[in-house]
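Only one structure is covered here, and it is reproduced in the block below.
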Amino acid sequence: MTVSGALAGTLAVALALGGQTPPPPHAISAGTVPSRAPAHQAGTPPTRAMPYSVPTSVAISAVGLHALLEPIHTTDSGRITPPDDPEKAGWLRSSASPGQRGTSVLAGHVDSTKGPAAFYPLSSVKPGMRVAVEREDKSTADFTVTAVAVYPQDDFPDSVYAPTAGPSLRLITCTGWDEASHAYRDNVVVYATATSKS
Numbered sequence: 001m002t003v004s005g006a007l008a009g010t011l012a013v014a015l016a017l018g019g020q021t022p023p024p025p026h027a028i029s030a031g032t033v034p035s036r037a038p039a040h041q042a043g044t045p046p047t048r049a050m051p052y053s054v055p056t057s058v059a060i061s062a063v064g065l066h067a068l069l070e071p072i073h074t075t076d077s078g079r080i081t082p083p084d085d086p087e088k089a090g091w092l093r094s095s096a097s098p099g100q101r102g103t104s105v106l107a108g109h110v111d112s113t114k115g116p117a118a119f120y121p122l123s124s125v126k127p128g129m130r131v132a133v134e135r136e137d138k139s140t141a142d143f144t145v146t147a148v149a150v151y152p153q154d155d156f157p158d159s160v161y162a163p164t165a166g167p168s169l170r171l172i173t174c175t176g177w178d179e180a181s182h183a184y185r186d187n188v189v190v191y192a193t194a195t196s197k198s
């Protein structure tokens, strides 16, 4: 799946509704962001891809994140439309289903006029944390966070959406509250790869 930089920038704007709640702490980049689709390393068991199934919820228990998921789309102009309900996160339907081979994209609001939203805890995520995505077929796609990156909203890289050799996940929301402009300056992207089944 390829998403243009222009689309990525519109995603950034769409994920914050400007609530009255204190903003979450600014996310800190950590781990190594993949620069290309990784080749399989000899001596390590390959992660088996799962069949297609619509994701229904996502959880990162280490930071208290749990959100129902609904499919989201892009408009004709390339803008991602997040869920109307800020307590839900969205799965970009044009991306891979979580657990399938390729890159799956989840996006959610950080806050709303009523308070913290679905992805408010995302800025506290660190490499090594587990991400669990429940799917309609009653299976769970398990991922391990490998990196957290912060990008300016006006310079959001296409590489976030680059295809991967195995199942991978990207979770995206806003960070970096700017009091002067009363808006978020940046996006935080959590990178995760499928956890090998023992």
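1 is the number of the first residue of the sequence shown in UniProt numbering; add one for each residue after it. Think of the CB as a built atom: it goes at the ideal place given N, C-alpha and C, for glycine as much as any other residue.
So is residue i buried or exposed if we call it buried at 16+ other beta carbons inside 10 Å?
i, result
"Tyr52", "exposed"
"Asp84", "exposed"
"Pro82", "buried"
"Asp76", "exposed"
"Thr103", "buried"
"Ala180", "exposed"
"Asp111", "buried"
"Ser196", "exposed"
Tell me whether the beta-carbon of residue i lies closer than 8 Å to the beta-carbon of residue j.
i, j, result
"Val105", "Ala149", "no"
"Pro86", "His109", "yes"
"Gly176", "Arg170", "no"
"Tyr120", "Pro55", "no"
"Ile60", "Met129", "yes"
"Tyr151", "Asn187", "yes"
"Val58", "Ala30", "no"
"Gly99", "Ala141", "yes"
I'd like the span of the beta strand (DSSP E) that includes residue i, first residue to last.
i, result
"Thr195", "Per DSSP, Thr195 belongs to no beta strand (DSSP E) and is neither H nor E."
"Ser95", "No beta strand (DSSP E) contains Ser95, which DSSP labels as neither H nor E."
Quick check on this structure: which residue in the options has the alpha carbon closest to the alpha carbon of residue i?
i, options, result
"Pro34", "Ala147, Asp155, Ser196, Ala180", "Ala147"
"Arg135", "Val63, Gly64, Ala62, Glu70", "Glu70"
"Tyr191", "Val125, Ala183, Asp155, Asp178", "Val125"
"His182", "Leu68, Thr113, Thr74, Ser168", "Thr113"
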